[in-house]
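J.: Got a structure here, written out as C-alpha cells. Questions coming.
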Amino acid sequence: MLSPKDLFDLSGFAHQEIFSTCEFAWQALSKIENYIKEQFAKGYAPAINRDVPPGVFIEGEVYIGPGTVIEPGTLIYGPTIIGENCEIRQGAYIRGNVILGNKAIVGHASEVKNTIFLNNAHAPHFAYVGDSILGNQVNLGAGTRLANMPMFSAKDPVTLKRPTIRIRVDGKEVDTGLSKLGAILGDEVQTGCNTVTNPGCIVGPRTLIYALTSLRSGYYPADSIIKLRQQTEKVVRK
C-alpha cells in the first residue's frame with residue numbers, strides 16, 4: 001500500500017526510473033537532486049526548448065520541455081526538469097530539486113520544492129508543495145498546503161539533525177527516515193480549497209479530500225472520501 005506501484009501508474013512517466021529501487025514511495029524524494037544531475041550528465045542537457053518571456057527569472061540548471069508555457073513573473077531555480085506542455089503561471093516559485101511530468105501545472109502564487117509531479121498533476125492556485133509527490137491527474141484545490149515539517153522538530157544539539165517523521169499504518173509505526181515529508185498523493189487524488197495535510201500524509205489513489213480539512217499524518221486508503229464535519233448556525237439579523 002506504500003510502494004510506488006500501489007500509488008501511481010508509472011508507465012507513462014518519463015522519469016519512472018527514480019522509483020525503481022524504492023520500497024516506499026517517499027524514498028524517491030531523497031534521490032531527486034542526484035537523479036536530475038545524473039540526467040544532465042547523461043546528455044539530458046539543461047536547456048530551454050522555447051523562448052522565455054521577459055520577467056521570467058531562471059537560476060541554475062533548468063530543463064524546460066517543448067510546448068511548455070512560462071508566464072512572466074515566475075522564479076525557477078535548478079536543478080529542475082520541467083516536462084512537455086506544462087504551465088508555469090504568473091507568480092509561481094519553483095525552488096529547485098523539482099521534477100514535473102508532462103502537462104503539469106504550477107499556478108499563480110504556488111511554491112514547489114523537492115517535489116515530483118507525475119503527468120497532469122496540478123497545483124493551480126496558491127499552493128505550497130514541499131517534499132511531496134503528486135500522482136497522475138492529482139488536483140490541488142486553491143490554497144492547499146502540503147506541510148512538510150512538524151512543529152516540534154528542533155535539531156539535536158549534538159548531531160544538529162532533526163528527528164525523522166514517523167507515520168502510523170494499520171496500527172504500526174513506520175519511520176520514513178526523512179526529517180521533512182509533505183504528502184504522497186496517489187493518482188487522481190483531489191483536495192478541496194484550503195486543505196492542509198500535516199507532515200507525513202500518504203493518500204491512496206482516487207481519494208477525495210473535502211475543503212478546509214486538516215489531514216493528520218498517516219495512511220488513507222484508495223477510493224475514500226474524507227469529509228470535514230462542522231456545524232453552522234443561522235440566526236436572524238437584528
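Residue numbering for the sequence shown follows our numbering, starting at 1 and increasing by one per position.
For glycine and all other residues, C-beta sits at the position ideal for the given N, C-alpha and C.
1) Keeping to the same chain, check which residues put their C-beta closer than 6 Å to that of Val189; ignore five residues upstream and five downstream.
2) Output yes or no for whether 8 Å exceeds the beta carbon distance between Leu2 and Val169.
3) Should Leu141 go down as buried or exposed, given a rule of 16 or more other Cβ atoms within 10 Å for buried?
4) Quick check on the DSSP output: the beta strand (DSSP E) that includes Lys172 runs from which residue to which?
5) Less than 8 Å between the beta carbons of Ile165 and Ala25, yes or no?
6) Taking 8 Å as the threshold, find out whether the segment 149-158 comes into contact with the segment 84-103 through three or more Cβ pairs.
7) Please list the terminal residues of the continuous alpha helix (DSSP H) segment that includes Leu75.
8) Could you have a look at Ser30 and say whether DSSP puts it in helix, strand or coil?
9) To which residues does DSSP link Phe57 through a beta bridge?
10) Quick check on this structure: which residue in Ala28, Phe19, Asp9 and Phe13 has the alpha carbon closest to the alpha carbon of Gly177?
11) Less than 6 Å between C-beta atoms, sequence neighbours within five positions excluded: which residues of the same chain meet that for Val116?
12) Quick check for students: name the residue ranges of the beta strand (DSSP E) that lie wholly in the segment 115-139, counting only runs of 3 or more.
13) Among Leu181, Asp175 and Leu212, which residue has its Cα nearest to the Cα of Gly192?
14) Hey, quick one: how far does the beta strand (DSSP E) through Leu100 stretch, first residue to last?
15) What's the gap between the Cα of Pro79 and the Cα of Thr159?
16) Is Pro4 buried or exposed, if buried means 16 or more other CB atoms sit within 10 Å of its CB?
17) With a cut-off of 8 Å on the beta carbons, I'd call Ala127 and Ser110 a contact; round off their distance for me.
18) Using only the alpha-carbon positions, how far apart do Lys103 and Ala14 sit?
19) Per DSSP, what kind of secondary structure is Ala183 in: helix, strand or coil?
20) Please classify Lys5: does DSSP put it in a helix, a strand, or coil?
21) With distances taken from CA atoms, which of Pro205, Asp187 and Tyr219 is nearest Thr197?
22) Are Val56 and Ile36 close, meaning C-beta to C-beta below 8 Å?
23) Roughly how many whole angstroms lie between the Cα atoms of Ile76 and Val52?
24) Would you check if the distance between the CB atom of Phe8 and the CB atom of Asp187 is smaller than 8 Å?
25) Could you pull the start and end residues of the beta strand (DSSP E) that Cys201 belongs to?
T.: In brief:
1) The answer, listed in chain order, is Val138, Val203 and Thr207.
2) Yes; because the gap between Cβ atoms is below 8 Å, this pair is in contact.
3) According to the sequence provided, residue 141 is Gly. The question's Leu does not apply to it. Gly141 should be labelled buried.
4) Lys172 to Asp175 is the span of the beta strand (DSSP E), which, as asked, contains Lys172.
5) In this structure, Ile165 sits away from Ala25, with a CB-CB distance that is not shorter than 8 Å.
6) No contact exists between the segment 149-158 and the segment 84-103.
7) Per DSSP, Leu75 lies in no alpha helix (DSSP H); the unbroken beta strand (DSSP E) holding it starts and ends at Leu75 to Tyr77.
8) Of the three classes helix, strand and coil, the one that applies to Ser30 here is helix, per DSSP.
9) Bridge partners of Phe57: Leu75.
10) For the residues Ala28, Phe19, Asp9 and Phe13, the minimum Cα distance to Gly177 belongs to Ala28.
11) According to the sequence provided, residue 116 is Ile. The question's Val does not apply to it. Once the five neighbours on either side are set aside, the close Cβ partners of Ile116 are Ile99 and Ile133.
12) Those beta strand (DSSP E) runs which fall completely within the segment 115-139 and span 3+ residues are 115-117, 122-125 and 128-130.
13) It is Leu212 whose Cα lies nearest to the Cα of Gly192.
14) Val98 to Leu100 is the extent of the beta strand (DSSP E) around Leu100.
15) Pro79 and Thr159 have their C-alpha atoms spaced approximately 28 Å apart.
16) The residue in question, Pro4, is buried, as its Cβ has 16 or more Cβ neighbours within 10 Å.
17) With 8 Å as the limit, Ala127 and Ser110 qualify as a contact, their Cβ atoms being about 4 Å apart.
18) Lys103 and Ala14 have their alpha carbons spaced roughly 12 Å apart.
19) Look at Ala183 here: in three-state DSSP terms it is strand.
20) Of the three classes helix, strand and coil, the one that applies to Lys5 here is helix, per DSSP.
21) The residue with the shortest Cα to Cα distance from Thr197 is Tyr219.
22) Ile36 is positioned such that its CB atom lies no closer than 8 Å to that of Val56.
23) Cα to Cα, Ile76 sits roughly 12 Å from Val52.
24) A contact, by the Cβ cut-off of 8 Å.
25) That run of the beta strand (DSSP E) goes Cys201 to Val203.
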